[in-house]
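So the structure is just underneath, and the comments pick up after that.
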Amino acid sequence: MTVPLFELPGFAPPGDASPAHGSSAPVGETAHEVTFLHTADWQLGMTRHYLDADAAHAYTAARHEAVERIGTLAAEVDAEFVVVSGDVFEDHRVSSKIVRRTLDALAGYGIPVYLLPGNHDPFDAAGIYRSRTFAQSCPDNVTVLSGAGVHRVRGGVELVAAPWSHKQPGADLVAAQVAGLPPADTIRIMVGHGGVDALTPGGDEALIGLSTLENAVNDGLLDYVALGDRHSVTSVGATGRVWYPGAHEVTNFDHIEQQPGHVLAVTLRRTGSSREVDVVPHRVGQWSFQTISADIAGRADIEALRTRLDDIPDKPRVVLRLRLVGSVSVTEGAVLDELLDECADRFASVTRPDGPDDLVVVADDADLDDLGVGGYVREAAEELFERTGCTDVDEARTARDALALLHRLTGRTR
Numbered sequence: 236m237t238v239p240l241f242e243l244p245g246f247a248p249p250g251d252a253s254p255a256h257g258s259s260a261p262v263g264e265t266a267h268e269v270t271f272l273h274t275a276d277w278q279l280g281m282t283r284h285y286l287d288a289d290a291a292h293a294y295t296a297a298r299h300e301a302v303e304r305i306g307t308l309a310a311e312v313d314a315e316f317v318v319v320s321g322d323v324f325e326d327h328r329v330s331s332k333i334v335r336r337t338l339d340a341l342a343g344y345g346i347p348v349y350l351l352p353g354n355h356d357p358f359d360a361a362g363i364y365r366s367r368t369f370a371q372s373c374p375d376n377v378t379v380l381s382g383a384g385v386h387r388v389r390g391g392v393e394l395v396a397a398p399w400s401h402k403q404p405g406a407d408l409v410a411a412q413v414a415g416l417p418p419a420d421t422i423r424i425m426v427g428h429g430g431v432d433a434l435t436p437g438g439d440e441a442l443i444g445l446s447t448l449e450n451a452v453n454d455g456l457l458d459y460v461a462l463g464d465r466h467s468v469t470s471v472g473a474t475g476r477v478w479y480p481g482a483h484e485v486t487n488f489d490h491i492e493q494q495p496g497h498v499l500a501v502t503l504r505r506t507g508s509s510r511e512v513d514v515v516p517h518r519v520g521q522w523s524f525q526t527i528s529a530d531i532a533g534r535a536d537i538e539a540l541r542t543r544l545d546d547i548p549d550k551p552r553v554v555l556r557l558r559l560v561g562s563v564s565v566t567e568g569a570v571l572d573e574l575l576d577e578c579a580d581r582f583a584s585v586t587r588p589d590g591p592d593d594l595v596v597v598a599d600d601a602d603l604d605d606l607g608v609g610g611y612v613r614e615a616a617e618e619l620f621e622r623t624g625c626t627d628v629d630e631a632r633t634a635r636d637a638l639a640l641l642h643r644l645t646g647r648t649r
């Protein structure tokens, strides 16, 4: 079930108001209308190092299933075709299984599908699109936009392609295609890939110039710009006609990707100088990568974190990145470790930021009393406690870990 993003708080449809279907064109003017899906950045074959074997398998399957859901959505919105604006595949090394299964899914759409080579899958000599596997398996409804310039979809509808032929173009590929466009009484859709200068700081010559796009839109040379590369659904500029759809399934944590997992249903209408656009994002992704931050200063905070994690739905398709700050005793640290072990079983993955940990474990006298043991075990615990104050950081950490393990083995963490 797809969910229009504009039903969520904070989103409103861009562009002009839509006229009723079936309205007639003025005498002497030709009316054109088209609905299509705009998607990008599938990067099929992508892996994530923090996923174990089971989670990685489930994540890969989910990414393929999202491709299939795009075909279902195309039928629901009565799309004439689908445009994938670059990075269909992660790189040229993806397996033949991924290529064949992807092409089988696209064949099932039953409508034309246009694939633009991007920076991950450029149309170079070693590229996936020139491989024997792709050539043998490519269905008739799939077209690779390997040649720059205008491609006729049907009467009244054209695509203007700016494919990547290698990984370092060194120039604005989209601007090069816009520069040679003559006026025409047709719906024109620019299909490009890469960062836009208005969103990406720096002097990279390959950045796409937003002013070039907006001038072309305002002059009637382009009706819509279908971009890829940015993994969050994003409307760029002021025209309401320049869009990134975002990745079809999440690829990074929520502090980087705010709105992944969507596909854009785009309807364009053109009658002479009158032009209208409707863009509606639909969610097709099912996974989420969430960052959870918490200050931990004792058992109450640990239990609050437990409740917070318990409330997250669909845990097998959630990857957690925990940022924990504070100070706990060894006993409390053992309680926290048990909670994290439970989460590792319930969630797709639980990871912590690289680098020094901001959560400090400090041993105190109460840690020994909490053990409730005697004899040799007590003597071992006391020795570990002494070593927690060692000037050798690694030895002190090892002693704290061992003391925490002892708490867990004696069942004193609850």
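The C-terminal position of the sequence shown is numbered 649 in my numbering, with every residue numbered one higher than the one before it.
Backbone N, C-alpha and C define an ideal beta-carbon position, used for all residues, glycine too.
With DSSP run on the structure shown, which of helix, strand or coil describes residue i?
i, result
"VAL554", "strand"
"SER523", "strand"
"TYR285", "coil"
"SER372", "helix"
"ILE491", "coil"
"GLY306", "helix"
"GLU393", "strand"
"THR295", "helix"
"GLU315", "coil"
"ARG367", "helix"
"ALA360", "coil"
"ALA500", "strand"
"ALA441", "coil"
"ALA482", "strand"
"ALA290", "helix"
"ALA301", "helix"
"PRO548", "coil"
So, for residue i: in the same chain, excluding its five sequence neighbours on each side, which residues have a beta-carbon less than 8 angstroms away from its beta-carbon?
i, result
"ARG552", "ALA293, ALA297, GLN521, TRP522, SER523, ALA583"
"LEU286", "TYR294, VAL554, ALA583, SER584"
"GLY437", "none"
Given a cut-off of 8 angstroms, decide if residue j and residue i are closer than it, judged by their beta-carbon atoms.
i, j, result
"LEU462", "TYR479", "yes"
"ALA451", "VAL413", "yes"
"THR526", "ARG558", "yes"
"THR274", "HIS483", "yes"
"ALA485", "GLY496", "The residue asked about is misnamed: residue 485 is Val in this sequence, not Ala. Result yes, Cβ atoms of VAL485 and GLY496 sit closer than 8 angstroms."
"ARG543", "GLU567", "no"
"GLU325", "GLN278", "yes"
"VAL319", "VAL348", "yes"
"LEU499", "VAL426", "no"
"ASP276", "GLY321", "yes"
How would you write the range of the alpha helix (DSSP H) that residue i sits in, first residue to last?
i, result
"GLU577", "565-581"
"SER508", "Segment: none, SER508 is in no alpha helix (DSSP H) and carries neither H nor E."
"GLU538", "534-545"
"VAL409", "408-413"
Keeping to the same chain, check which residues put their C-beta closer than 7 angstroms to that of residue i; ignore five residues upstream and five downstream.
i, result
"PRO404", "ALA441"
"ARG541", "LEU574"
"THR282", "ALA291"
"HIS401", "PRO357, ASP359"
"VAL262", "Residue placement at VAL262 is poorly supported in this model, since its pLDDT is 49, which falls under 50; the coordinates still yield a value, given next. The answer is none, since no qualifying residue turns up."
When the Cα of residue i is compared with those of the options, which residue comes out closest?
i, options, result
"ARG505", "ARG423, SER528, ARG367, SER470", "ARG423"
"SER562", "THR447, LEU571, THR265", "LEU571"
"GLU577", "GLY430, ASP545, ALA419", "ASP545"
"ARG365", "VAL392, HIS483, HIS327", "HIS327"
"VAL409", "ASP530, ALA396, PHE488, PRO418", "ALA396"
"ALA342", "GLY321, LEU499, GLU303", "GLU303"
"LEU350", "GLU325, GLY362, THR378, ILE305", "THR378"
"ASP375", "LEU434, PHE358, GLY345", "GLY345"
"PRO417", "GLY455, GLY430, GLN278, SER320", "GLY455"
"GLU264", "GLY507, GLY390, ALA340", "GLY507"
"GLY481", "ARG387, VAL519, GLU449", "VAL519"
"PRO357", "LEU338, THR337, VAL323, ARG367", "VAL323"
"ASP420", "ALA266, ALA340, ASP593", "ALA266"
"GLU449", "HIS490, PHE488, ALA473", "ALA473"
"SER331", "ALA340, LEU272, ARG367, TYR459", "ARG367"
"VAL560", "SER528, PRO548, ALA539", "SER528"
Leaving out five residues on either side along the sequence, give the residues of the same chain with a beta carbon under 6 angstroms from the beta carbon of residue i.
i, result
"VAL581", "The amino acid occupying residue 581 in the given sequence is Arg; Val does not appear at that position. Cβ within range, chain order: LYS550."
"ARG335", "SER372"
"ALA310", "none"
"ALA579", "VAL585"
"THR447", "ALA410, VAL413"
"VAL431", "ILE443, LEU445, VAL471"
"THR502", "THR270, ASP513"
Give the range of the beta strand (DSSP E) segment to which residue i is assigned.
i, result
"ILE422", "422-428"
"LEU448", "No beta strand (DSSP E) contains LEU448, which is instead part of the alpha helix (DSSP H) from 445-453."
"ALA340", "Segment 331-342 is the alpha helix (DSSP H) holding ALA340; no beta strand (DSSP E) there."
"VAL379", "377-379"
"LEU462", "459-463"
"LEU351", "Unbroken run through LEU351: none, as it is neither H nor E."
"VAL585", "584-586"
"ALA477", "Note on residue identity: the sequence assigns Val, not Ala, to residue 477. Taken as a continuous stretch (DSSP letters only), the beta strand (DSSP E) holding VAL477 covers 477-479."
"THR270", "266-274"
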